[in-house]
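K.L.:
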C-alpha cells in the first residue's frame, strides 16, 4: 500500500541518486575517464535494482490464508460451531489480547490459555489455531496483523517504511532491498567522503582548490549550482545516508539470521521457550523448521544466483503447510514420554445450542472452576467449584504476543473421548504436510 512513508522513501532515494551528479561526479571528474564512467553505470544499475526490490516489497501481497483453508481433520461445520462458541464466550468473559484455545474433536471442551503466562509444554504440536478477528483457522506460522487487519502467512513484521507486512511471498524482496540499501549507502558514504576531502582541499596531492579570489580556473571546481546549495546538499546527503546505513545494516543482519535459521521474529520467542525446555530435559534443541542454513536460504531466495540477486520469482506453494525436521520430531517424542501431567487448571463450563461446553482456563494461581450455565429464562449464572487437572490433557501455548498481533490466538488440539464420563484422551498426532518448494522464475 502506498503511504506517506513510502512516498518519502522514494523521494529520499531519488534525491541521493541525483545529488551524486553534483557532489561526486563533477568534483572527481568521473565523466572524462573510463573508471568514472564505469562507476556511474554500476552505481545506477544498483540504484535501479534497489528501487525494483523496494517496489516489489511494497506492492507484493505477503500472502493470507485462503478463506476455505481448514486444518486436517476439521470441517466447515467445526469452524461454524467454534465461531458460535467463541462469540458466546466473549459475551460471558473479559476478552484478552492474546489467548490459546484448545478444543476436543467434538468441540465440547475449550481450554483458554493466556500466552504471556503460559508455560512451555511439549504436547503443542499438530494443533490447529483459530483467529477470532478473521473468524478463520490459522495455518502454521500465520499471525494476525492489526495494521493490515488480516492474517499473514509466515508473518515476519509490519514495516511502516514499505507500508506492508513482510511475509511469505515478499520476504525475499524485502531482504534483497535491505541488501542493496547496505551496498549502495556504503558506496555513497565512501564517495561523499572522498569528494568532501577533494572539495575542501584536505588532500594536498590530489585536491582541486575552490577559491573565489583565484582567477586560475584550472584550480577551481565549477558547479552547476551555487556553493551554498552544494554545501546544503552535502550536509543533507551525509546526515541522511549515514543513519540509514547504520540502521539498515542492523536490520539486514537480523533478517539474515532469521533467514538462515528459518524462523521469524514472532517465532523467536517460541523457539527460545522450546530450547529452554529441551535443555532442561537434557536434549540438544533444533528449531522445528530448521533444515540447515543452505536449504533455508534456498527455500526463500531460490536456487540460482540470478534468483538471489534479482527480484524475480515467487514461492511455488501457498505457504499453509510446513514440514518439521526429523530431529525435532524425535525430540518431541522423547519429551512426550518424559512429560508429567499438567498442573491444576480452572474450567469454565458454558452452554451453547443446548449442549454443554467445558472451557478450561489455565491459570496456576487459580484452582477454581467458573461454571457458566443458562437457567430456564436464558440468563447466565456463574458458579465456582474446585477441579483437579485432567490426566492426558496438556495445555498448549501460542507465541502470538508480538505488537502486530491483536487477535485472539486460538489453538485447537485433537482429543477423543473413550467414554462420555471418562477424562479426555489425546488423539494420535496427525501426519505432516510437505513444506513448500523453492522459488521459481516468472
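In this note's numbering, the protein residues as written are 43 to 484. Glycine included, each C-beta is placed from N, C-alpha and C at the ideal position.
Could you check if residue 214 is buried or exposed, using at least 16 other CB atoms within 10 Å of its CB as the buried criterion?
P.N.:
When all chains shown are included, residue 214 counts as buried.
K.L.:
What is the DSSP secondary structure of residue 357, reduced to helix, strand or coil?
P.N.:
The answer is strand: DSSP assigns residue 357 an E or B state.
K.L.:
Please confirm whether residue 178 and residue 104 have their CB atoms less than 8 Å apart.
P.N.:
Contact: no.
K.L.:
Measure the C-alpha to C-alpha separation of residue 191 and residue 355 and round it to an integer number of angstroms.
P.N.:
Rounded to whole angstroms, residue 191 to residue 355 spans 26 Å at the Cα level.
K.L.:
What residues are listed by DSSP as bridge partners for residue 214?
P.N.:
Paired residues: none, contrary to the question.
K.L.:
Whole angstroms are fine: how far does the CA of residue 342 sit from the CA of residue 195?
P.N.:
Each residue's alpha carbon lies about 13 Å from the other.
K.L.:
Ends of the alpha helix (DSSP H) at residue 197?
P.N.:
Looking at the DSSP string, residue 197 is not in any alpha helix (DSSP H), and its letter there is neither H nor E.
K.L.:
For residue 222, which residues from the same chain have a beta carbon less than 8 Å from its beta carbon, with the 5 sequence-adjacent residues on both sides left out?
P.N.:
Once the five neighbours on either side are set aside, the close Cβ partners of residue 222 are 88, 91, 92, 95.
K.L.:
Can you find the residues in the same chain that come closer than 6 Å, C-beta to C-beta, to residue 216, ignoring five residues on each side of it along the sequence?
P.N.:
Counting only Cβ-Cβ distances below 6 Å, and skipping sequence neighbours, we find 99, 208.
K.L.:
With DSSP as the reference, label residue 187 as helix, strand or coil.
P.N.:
Reduced to three states, the DSSP call for residue 187 is strand.
K.L.:
When you compare only the Cα positions, how much space is there between residue 286 and residue 75?
P.N.:
Near 30 Å, if we compare the C-alpha coordinates of residue 75 and residue 286.
K.L.:
Using only alpha-carbon positions, find the residue among 319, 349, 364 that is nearest to residue 304.
P.N.:
The residue with the shortest Cα to Cα distance from residue 304 is 364.
K.L.:
At the level of alpha carbons, what is the spacing between residue 310 and residue 241?
P.N.:
Rounded to whole angstroms, residue 310 to residue 241 spans 48 Å at the Cα level.
K.L.:
Terminal residues of the continuous alpha helix (DSSP H) containing residue 310?
P.N.:
Segment 307-322, the alpha helix (DSSP H) holding residue 310.
K.L.:
If I measure Cβ to Cβ from residue 377 and keep anything under 8 Å in the same chain, skipping five residues before and after, which residues do I get?
P.N.:
Excluding residues within five positions, the ones whose Cβ falls inside 8 Å are 164, 319, 320, 323, 325.
K.L.:
Quick one: give me the first and last residue of the alpha helix (DSSP H) that residue 340 is part of.
P.N.:
Looking at the DSSP string, the run of the alpha helix (DSSP H) that includes residue 340 is 335-343.
K.L.:
How would you call residue 211, buried or exposed, if buried means at least 16 neighbouring beta carbons within 10 angstroms?
P.N.:
So residue 211 counts as buried.
K.L.:
Nearest-angstrom Cα distance between residue 449 and residue 53?
P.N.:
Since pLDDT at residue 449 reaches only 42, below the 50 mark, its modelled position is unreliable, and no value is offered.
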